[in-house]
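*Asks:* Our numbering puts the first residue of the sequence shown at 114, with every later residue one more than the last.
Have a look at the structure that comes next, please.
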Amino acid sequence: MSPICIKNTGKYGRGVYATRDIQKDELIEVSPVIISPKHEWKYLKKTALFHHCFYWGDDDETVIALGNGSLFNHSYTPNATFDNNLEDLTIDFYAHKDIKAGEEITINYNGEPDDKSPLWFDVIE
114 MSPICIKNTG KYGRGVYATR DIQKDELIEV SPVIISPKHE WKYLKKTALF HHCFYWGDDD
174 ETVIALGNGS LFNHSYTPNA TFDNNLEDLT IDFYAHKDIK AGEEITINYN GEPDDKSPLW
234 FDVIE
């Protein structure tokens, strides 16, 4: 059984939640990706898909995470992290700390858990 489910947050739309206790460093989700070349970014950012993209590799490409990968909400104090798996063409999500059943699972959209850089939207925590 998957350790996650999708629920309405009541505040930010949909979000990813733990269905059971998850231990620190445990793999939570593996999301296949669709790669969008750099020259397509100017079109992609004008669509609803913009909010579901991740930066990818060293060529300024972006990807759209399939499955539940594009539904993790942002937090400057996240309980999960993600790694771009360039070889397998997936984004792998891991618990950054112990997560209790029923808790929302969040990531830092800047990539690093401690990165407090501003984002393209106003962050409400």
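Yeah, the Cβ is synthetic: ideal placement off N, Cα and C, and Gly gets one too.
If you're wondering where the values come from, they're calculated on a predicted model, not measured in any experiment.
1) Using only the alpha-carbon positions, how far apart do Tyr168 and Val176 sit?
2) Would you check if the stretch 208-221 and the stretch 184-198 touch, i.e. whether three or more CB-CB distances between them fall below 8 Å?
3) If I'm right that Asp173 touches Lys159 with Cβ under 8 Å, what's the distance once you round it to whole angstroms?
4) Using alpha carbons as the reference points, say which of Glu225, Asp227, Tyr207 lies closest to Ile117.
5) Give me the Cβ distance between Ile218 and Ile141, rounded to the nearest whole Å; I'm assuming they're in contact under 8 Å.
6) Quick check on this structure: which residue in Asn197, Gly182, Asn186, Tyr156 has the alpha carbon closest to the alpha carbon of Asp171?
7) Give me the Cβ distance between Gly128 and Asn186, rounded to the nearest whole Å; I'm assuming they're in contact under 8 Å.
8) Rank Ile119, Ser188, Glu200, Glu216 by C-alpha distance to the C-alpha of Gln136 and give the top, closest one.
9) Could you check which residue in Ser188, Glu200, Lys155, Pro145 has the C-alpha nearest to that of Ala178?
*Replies:* In this structure, then:
1) 6 Å
2) yes
3) Going by Cβ atoms, the distance from Asp173 to Lys159 rounds to 17 Å, so no, they are not a contact pair.
4) Tyr207
5) 7 Å
6) Asn197
7) 5 Å
8) Glu216
9) Pro145
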